[in-house]
Structures are given as C-alpha cells and as structure tokens.
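Following: one structure in structure tokens, then a few remarks.
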Amino acid sequence: MKVDREEQTEARRERIARAAFELFARSGLDQTSAQDIARAAFVSRTNLYRYFPSKTHMLLAHFERAVSETRSEALSRLSSGTAPQAVWQHVTARMADLGVRYGHLVGAVGQAVLGARPGPGPGADGAAPGTPPPGLPGQEVRTALTLVALVEPVLHAMRLQGHLRSDANTHLLASLLVDACLLALLHGGHRDQREVLRDWQDRFSLLMYGALAPGVTLPREAARD
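By the count of the working numbering, the sequence shown reaches residue 242 at its end, each step adding exactly one.
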C-alpha cells in the first residue's frame, strides 16, 4: 500500500538522519564519510543519496526533529497556562544546551538556515510563504520554518495577553529572533550555556522593545535564570 511505502520511506530517512547525527556528534561533519553513514544506517551508499542529497541535509533533518519535539512541549506548556516568558526560557534553555553540546556542528546548521531566509508572507512573485527560492534545496527552508514555528507561538501568546502591540507581526519577529540567536551562536564565542542564554535574552529584549504594548516591560530577572 502507498501509505506503507511512505511510512517505510520516512522511517528509513529518520534512521539515516539519526545514524548520521551520532557520527557527526562523535567525529564531526567533515571527518564522517558517506560510507560511514551508509554502514551505520544499514543502507547502500547509493540509497543514501536517494534520501538526502548531502551530509548537511542529514544533519538538518535530525536537528529539525529535535526542534519539533521542543515545540510540542512549548505548545503543551502554553495551553496549560504557563506564562509565555517562562515558556521562552524553557525553549531557549533547550536550544542553548544543544548549541553548546554540539558546538562543532552549529556552523553547518546556522549557515544553512540563515541562507534560507523564508519570508513572512507572499513574495513579489506571488509565491506562498516559505516557498524555496529558485535553486535552493527545500530542507534548509523547512528547518528555518521549523525554528520560526518554535518561537512564534510564544510571541503570539504574549500578544494575546496584551504584552505586545496588537499589530505586532509575530512571524516577522520570530524570524528575526531565530536569525539573531543563530548569529549569536556562530559569532558569540560563548563558554557555556549560561553565556548563551544571557546573550539571547539581551537580543530578545532589544528586538521586543519596539513591539511591546505601552507600559509593558520585560522582567530583568529573566536574563539570570
């Protein structure tokens, strides 16, 4: 059946991405060969490239899954009534932990996602939001959109609670925050997770400043948690 084939294909993609990430985490992206990945994932090297065009795409696929899991947790916390700022701290703590733990892989992820730059809406050519530009592989755009989708519900909840202006574009703000946080990881030279979180909170406060509703301020203690 078609559904069974699709499930098998997705399961094989996930197995390849997981095996590749385990090798990347241990040896690095450049030091891991396609043959190493094929052997670890129990597929032929020819089949490997049927599912992913490059090692970077394998890395992005695994990273995207981790982001999606964090988003599910964030949505659950928001639906249970957890304050958006507390959810933001939870999200950033998870992402900062990944960024520090796998710092040797951040460059490949950051450059791919920053190069994707999905727009906040239809472009001049009428393309749908998130449509890959001509010649750009779709995986980079999907990963970028997954990161934006992780951040945007927090901002949307802040707007619903009156913390942001009613006309604040949460998608654009989320995109800017994703770019700012990735750039911080790429160029910040952080020694540990705490430094990453402090840097991200400073960027969050700066980007949110113009979007805050009149009389609303961000709690300063958030930068210390």
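Quick reminder that beta carbons are idealized off the backbone N, C-alpha and C, glycines included.
In its own chain, which residues sit with a C-beta less than 6 Å from the C-beta of residue i, not counting the 5 before and 5 after it?
{"i": "residue 89", "result": "none"}
{"i": "residue 29", "result": "none"}
{"i": "residue 183", "result": "none"}
{"i": "residue 24", "result": "none"}
Which residue from the options puts its Cα closest to that of residue i?
{"i": "residue 111", "options": "74, 232, 211", "result": "211"}
{"i": "residue 118", "options": "177, 226, 39, 223", "result": "39"}
{"i": "residue 180", "options": "155, 193, 166, 227", "result": "227"}
{"i": "residue 34", "options": "45, 82, 115", "result": "82"}
{"i": "residue 116", "options": "208, 169, 187, 52", "result": "208"}
{"i": "residue 55", "options": "87, 77, 32", "result": "32"}
{"i": "residue 159", "options": "23, 53, 49, 79", "result": "79"}
{"i": "residue 75", "options": "43, 59, 106, 36", "result": "36"}
{"i": "residue 196", "options": "217, 178, 206", "result": "217"}
{"i": "residue 192", "options": "178, 170, 205, 206", "result": "170"}
Check whether the Cβ atoms of residue i and residue j lie closer than 8 Å to each other.
{"i": "residue 172", "j": "residue 190", "result": "yes"}
{"i": "residue 203", "j": "residue 132", "result": "no"}
{"i": "residue 125", "j": "residue 73", "result": "yes"}
{"i": "residue 95", "j": "residue 174", "result": "yes"}
{"i": "residue 214", "j": "residue 109", "result": "yes"}
{"i": "residue 168", "j": "residue 194", "result": "yes"}
{"i": "residue 201", "j": "residue 157", "result": "no"}
Give the secondary structure of residue i by DSSP, where H, G and I count as helix, E and B as strand, and everything else as coil.
{"i": "residue 181", "result": "strand"}
{"i": "residue 76", "result": "helix"}
{"i": "residue 229", "result": "strand"}
{"i": "residue 66", "result": "helix"}
{"i": "residue 115", "result": "helix"}
{"i": "residue 207", "result": "coil"}
{"i": "residue 59", "result": "coil"}
{"i": "residue 214", "result": "helix"}
{"i": "residue 49", "result": "coil"}
{"i": "residue 110", "result": "helix"}
{"i": "residue 97", "result": "coil"}
{"i": "residue 85", "result": "helix"}
{"i": "residue 238", "result": "Note that residue 238 has pLDDT 48, beneath the 50 cutoff, so the model's placement of it is unreliable and the number below is only indicative. Helix, per DSSP."}
Is any beta-carbon of chain D found at less than 8 Å from that of residue i?
{"i": "residue 213", "result": "Any reference to chain D falls outside this structure, which holds one protein chain only."}
Report all residues from its chain with a CB closer than 7 Å to the CB of residue i; omit the five preceding and five following residues, and keep chain order.
{"i": "residue 121", "result": "45"}
{"i": "residue 222", "result": "235"}
{"i": "residue 84", "result": "163, 164, 167"}
Hey, would you say the C-beta of residue i is under 7 Å away from at least one heavy atom of the ligand SAH?
{"i": "residue 221", "result": "No copy of the ligand SAH occurs in the structure displayed, which carries no ligand at all."}
Which residues in the same chain as residue i place their Cβ atom closer than 8 Å to its Cβ, once the five residues preceding and following it in sequence are excluded?
{"i": "residue 65", "result": "33, 51, 54, 55, 58"}
* To do: Evaluate contact between the stretch 63-70 and the stretch 94-105, counting only Cβ atoms and requiring at least three cross-stretch pairs below 8 Å.
  => Remark: fewer than three beta-carbon pairs, one from each stretch, lie closer than 8 Å, so the stretch 63-70 and the stretch 94-105 are not flagged as touching.
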